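Mapping the sequence shown onto my numbering, position 46 (from 1) lands on 572, and the numbers just tick up by one.
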Amino acid sequence: MTWWRSAVFYEIYVRSFQDTNGDGVGDLAGITARLDYLNDRTPQSLGVDALWLTPINPSPMYDFGYDVSDYTAIDPRFGTLGDLDRLIAEAHRRDIRIILDLVPNHTSHEHAWFREARAARTSPKRDWYIWRDPAPGGGPPNNWVSSFGGPAWTLDAATGQYYLHSFLAEQPDLNYRNPDVVAAMDDVIRFWLDRGIDGFRVDVIHKMIKDAALRDNPPPDPTDVHPVRDYFGQQHIFDQDRPEVHDIVRRWRRLLDQYGERMMVGEVYLLNPRMIVPYYGITLDELQLAFNFSFLWTAWDAAAFRLQVDQVEELLPAGAQPTYVLSSHDSPRHRSRFDDPRLGDARARVAALMLLTLRGTPFLYYGEEIGMRDVEIPLERICDPVGQRFPSLGRDPERTPMQWDGAPGAGFTDAADAWLPIGPDAETVNVARQRADPDSLLSFYRRVIWYRKSSAGLTQGTYRSLDSAADTFVFLREAAEQRLLVALSFADDARTLDVKDATGRVVLSTAAGIPSRIAGQLELPACTGVVIELDS
Ligand code: GLC
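The structure is reproduced here in structure tokens:
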């Protein structure tokens, strides 16, 4: 089976994983040093199969690397190309794949391409970006707004034209209607594939092409309020998700296919799964995987999760692989989102069991395996540009340093201060402590991930949800060799499930005290989950 179908991915926010040079910022050598924790090919390790590294290219860091100033080099804060080569080699020795973040929609304003483009209206690179004269009465050429707030256009006073930026003014959008830009990005992709990278996570892929005529976005449609399409008072119809984007995605897929089993997972930040499906391609000739972020906005409610999963299962064409994610560098961590102080980490366990047993490719976010929470950031330490504009939406709280141990720098850094504050619970919530404890959340993640590897039901089985007691989510994963029943209770009190002729062995459970065999009826204590290998 293709590796990315059975793999468990792990997102590393590089700045926050492991610092080795004492500057308070994580680096590539730090990731290499921690590979055995991630997967040493034994169940002593977490067992993840692939790492997605957030951007490591040189960047002035207005958006922490999502503003690239050179696509084919490494930012010195993170290391060198040699450090990356070592990381790839050491990872591959452990059967860990590495994918890089590709940020094609926009560059940094400090990228040589943009410097050249803005130098003069007649610059050969002018048309690599999207420039327009002011509107007839002055002001921006149309009504588009940046995803980070404010107009999506900034006037370049020297040349008298506006340039487009879907995010910060320091992140000008490239013009993919210009074939030279398309060719330049092909070269970037080849550069990293030639270096042995296994694929890419592609940033905001749905934004790469805009309406050719730059038509105004319409006002919100009161009958179809879509939380991601309708933001800042308009429907994002003409500035993203244009039909022509699929030509580019297909082109990149053909390029990847020339290299054998390389893959891309696209950030299609469109909440509705119906809008994500086209990015797999009509004949599955586009993205191998498209992010489905629906869990990031799903409340702690069994029926709501079932609905999300059933919908994706129904919408995706045969052969298209779903993806699931509970936490990421752009959203509050689920340990905090779902927190209920009376339940300890019980909800985090049930959520993890769900994520890792659904049909699809799961993406973990560093630290979720130890139950890291969002960290409150004092105003004067806010780094994220979104947080600086809208403190309550800032993304620093979920980006704090990995909590390796209970020492002052949490085992992350020797520096007096890490770039973001370390979680106040690091003394108790850390890898060192949980590793030694067979009942810890970390040990639970390890057990599930290693079981998953050996399970035909989980890696190849079909998915079918079953009607069940209130506040529970029950589904079957069935392959020729193995039939599994996954039963998850989101309830605050005990639930009895009538599983009829479901008789079998309990192979995983989130809590102690579950009998090892089940025959017909299952008593689930408050907020617990089990996986049962059915006898037939
Ligand atoms: C994506 C990234 C996010 C970044 C934005 C602009 O959504 O995940 O972190 O700010 O793109 O590049």
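For every residue, glycine included, the Cβ atom is placed at its ideal position computed from N, Cα and C. Since this is a predicted model, take the numbers as computed values, not measurements.
Check: With DSSP run on the structure shown, which of helix, strand or coil describes E894?
Finding: Within the sequence shown, the letter at position 368 stands for residue 894. Reduced to three states, the DSSP call for E894 is helix.
Check: Got a sec? Which residues, its chain only, sit under 6 Å from T998 by beta carbon, not counting five neighbours each side?
Finding: On the sequence shown, residue 998 is found 472 positions in, with the first residue counted as 1. Excluding residues within five positions, the ones whose Cβ falls inside 6 Å are A828, S1015 and R1021.
Check: Would a C-beta distance cut-off of 7 Å place D575 and A533 closer than the cut-off?
Finding: Looking up residue 575 in the sequence shown gives position 49. Looking up residue 533 in the sequence shown gives position 7. For D575 and A533, yes; Cβs fall inside 7 Å.
Checklist line | Neighbourhood of T926 by C-beta, 7 Å cutoff - its chain only, sequence neighbours within 5 removed | finding: The residue you call residue 926 lines up with position 400 of the sequence shown. Taken in chain order, the residues that qualify are S542, V901, L946, P947, I948 and G949.
Margin query: Buried or exposed for F693, going by 16 or more other Cβ atoms inside 10 Å?
Written below: Residue numbering aside, residue 693 sits at position 167 when the sequence shown is read from its first letter. Flag for F693 reads buried.
Check: Does DSSP put A643 in a helix, a strand or coil?
Finding: The residue given as residue 643 occupies position 117 in the sequence shown. Helix, per DSSP.
Notebook entry, point to check: My guess is that L781 and D712 are in contact by the Cβ rule of under 8 Å, so how many angstroms apart are they, rounded?
Noted result: Taking the first residue of the sequence shown as 1, we reach residue 781 at position 255. Taking the first residue of the sequence shown as 1, we reach residue 712 at position 186. Right, their Cβ atoms sit about 6 Å apart.
Next item on the list: Kindly confirm or deny that the stretch 670 to 680 and the stretch 618 to 632 touch, where touching means at least three C-beta pairs closer than 8 Å.
Entry: no
Checklist line | 7 Å Cβ cutoff met for E636 and P698 | finding: By one-based count along the sequence shown, residue 636 stands at place 110. By one-based count along the sequence shown, residue 698 stands at place 172. Not in contact: E636 and P698 (Cβ atoms no closer than 7 Å).
Check: Near A1038, which residues of its chain fall below 8 Å by C-beta distance, leaving aside the five closest residues on each side in sequence?
Finding: In the sequence shown, residue 1038 corresponds to position 512, counting from 1. So the qualifying residues of the chain are D965.
Margin query: Does Q544 pass the burial test, meaning 16 or more other C-beta atoms within 10 Å, or should it be called exposed?
Written below: As a working mapping, residue 544 is identified with position 18 in the sequence shown. Answer is buried; the Cβ neighbour count reaches 16.
Item checked: Residue from D566, S634, L700 and D767 with nearest C-alpha to D653 -> Against the sequence shown, residue 653 aligns to sequence position 127. Nearest of D566, S634, L700 and D767 to D653, Cα basis: L700.
Item checked: Proximity below 7 Å, CB of V955 to CB of W930 -> Here residue 955 refers to the residue found at position 429 of the sequence shown. Here residue 930 refers to the residue found at position 404 of the sequence shown. Taking 7 Å as the Cβ cut-off, V955 and W930 do not qualify as a contacting pair.
Note to self: Could you tell me the alpha carbon to alpha carbon distance between T558 and E616, rounded to whole angstroms?
What the structure shows: Sequence index remark: in the sequence shown, residue 558 carries index 32 (1-based). Sequence index remark: in the sequence shown, residue 616 carries index 90 (1-based). Computed Cα separation, rounded: 7 Å.
Check: Considering only C-alpha positions, which residue in the set F938, L1050, I975 and L1034 is nearest to N547?
Finding: Along the sequence shown, one-based indexing puts residue 547 at 21. Measuring from the Cα of N547, the nearest candidate turns out to be F938.
Margin query: How far does the beta strand (DSSP E) with M789 in it extend, from its first residue to its last?
Written below: Position 263 of the sequence shown, counted from the first residue, corresponds to residue 789. First-last of the beta strand (DSSP E) with M789: M789 to G792.
Next item on the list: Buried or exposed for A962, please, with buried defined as at least 16 other CB atoms from any protein chain shown within 10 angstroms of its CB.
Entry: The count along the sequence shown starts at 1 and reaches residue 962 at position 436. Exposed, because fewer than 16 other Cβ atoms sit within 10 Å of the Cβ of A962.
Notebook entry, point to check: With DSSP run on the structure shown, which of helix, strand or coil describes D706?
Noted result: As a working note, residue 706 is residue 180 in the sequence shown. The answer is helix: DSSP assigns D706 an H, G or I state.
Note to self: Cutting at 6 Å between CB atoms, please list the residues of its own chain near G1055, excluding the five before and the five after it.
What the structure shows: For the purposes of this step, residue 1055 is identified with residue 529 of the sequence shown, where counting begins at 1. Cβ neighbours of G1055 beyond the five flanking positions: V876, L879, L1014 and T1036.
Next item on the list: Out of I802, N668, D682 and L796, point me to the one whose CA is closest to P744's CA.
Entry: What you label residue 744 is simply residue 218 of the sequence shown in a count that begins at 1. Minimum Cα distance to P744 is reached at N668.
Check: Using the rule of at least 16 other Cβ atoms within 10 Å of the residue's Cβ for burial, across every protein chain shown, is W718 buried or exposed?
Finding: Residue 718 sits at position 192 when you count from the first residue of the sequence shown. W718 should be labelled buried.
Checklist line | Element boundaries [beta strand (DSSP E), containing K736] | finding: Position 210 of the sequence shown holds residue 736. Here K736 belongs to no beta strand (DSSP E), and DSSP marks it neither H nor E.
Next item on the list: Tell me F726's beta-bridge partners as DSSP assigns them.
Entry: Against the sequence shown, residue 726 aligns to sequence position 200. According to DSSP, which records beta bridges pairwise, F726 is partnered with L626 and M790.
Item checked: Check: V671 C-beta below 6 Å from any heavy atom of the ligand GLC -> One-based indexing of the sequence shown puts residue 671 at position 145. Checking every heavy atom of the ligand GLC against the Cβ of V671, none is found closer than 6 Å.
Next item on the list: Report yes if the CB atom of L1034 is closer than 7 Å to the CB atom of V1057, and no otherwise.
Entry: The count along the sequence shown starts at 1 and reaches residue 1034 at position 508. The count along the sequence shown starts at 1 and reaches residue 1057 at position 531. Yes; because the gap between Cβ atoms is below 7 Å, this pair is in contact.
Check: Can you tell me the Cα-Cα spacing of M790 and E537, whole angstroms?
Finding: Taking the first residue of the sequence shown as position 1, residue 790 is located at position 264. Taking the first residue of the sequence shown as position 1, residue 537 is located at position 11. M790 and E537: Cα-Cα distance of roughly 14 Å.
Next item on the list: Given a cut-off of 7 Å, decide if D811 and R859 are closer than it, judged by their beta-carbon atoms.
Entry: The residue you call residue 859 lines up with position 333 of the sequence shown. The residue you call residue 811 lines up with position 285 of the sequence shown. No, the Cβ-Cβ distance between R859 and D811 is not below 7 Å.
Checklist line | D900 beta carbon near the ligand GLC (any heavy atom closer than 6 Å) | finding: Reading the sequence shown from its first residue, position 374 is the one you call residue 900. Flag unset: Cβ of D900 not near the ligand GLC.
Checklist line | Chain-order list of residues whose beta-carbon lies under 6 Å from that of G920 (same chain, five-residue window excluded) | finding: In the sequence shown, residue 920 corresponds to position 394, counting from 1. Only I908, D910, V912 and G913 meet the Cβ criterion.
Note to self: Helix, strand or coil, according to DSSP, for V551 in the structure here?
What the structure shows: Within the sequence shown, residue 551 is the residue found at index 25, counting from 1. It is coil, neither helix nor strand.
Checklist line | DSSP state of T939 mapped onto helix, strand, coil | finding: As a working note, residue 939 is residue 413 in the sequence shown. Of the three classes helix, strand and coil, the one that applies to T939 here is coil, per DSSP.
Checklist line | Rounded straight-line distance, which links the Cα of L968 to that of D866 | finding: Taking the sequence shown and counting its residues from 1, the one referred to as residue 866 is at position 340. Taking the sequence shown and counting its residues from 1, the one referred to as residue 968 is at position 442. The straight-line gap from Cα to Cα measures roughly 19 Å.
Notebook entry, point to check: Looking at C-alpha atoms only, which residue of G664, S853 and N798 is the closest neighbour of L833?
Noted result: Residue mapping note: residue 833 aligns to position 307 of the sequence shown, counting from 1. Residue N798 is the option with its Cα nearest to L833.
Checklist line | Segments assigned beta strand (DSSP E), at least 3 residues, entirely inside the stretch 866 to 915 | finding: 887 to 891
Note to self: Let me confirm a value: R647 is counted as buried when at least 16 other C-beta atoms fall within 10 Å, else exposed. Which label applies?
What the structure shows: Within the sequence shown, residue 647 is the residue found at index 121, counting from 1. Exposed: under 16 other Cβ atoms inside 10 Å.
Note to self: Taking the alpha helix (DSSP H) that R776 belongs to, which residues open and close that run?
What the structure shows: Locating residue 776 in the sequence shown gives position 250, counting from the first residue. Element bounds for R776: V771 to D783.
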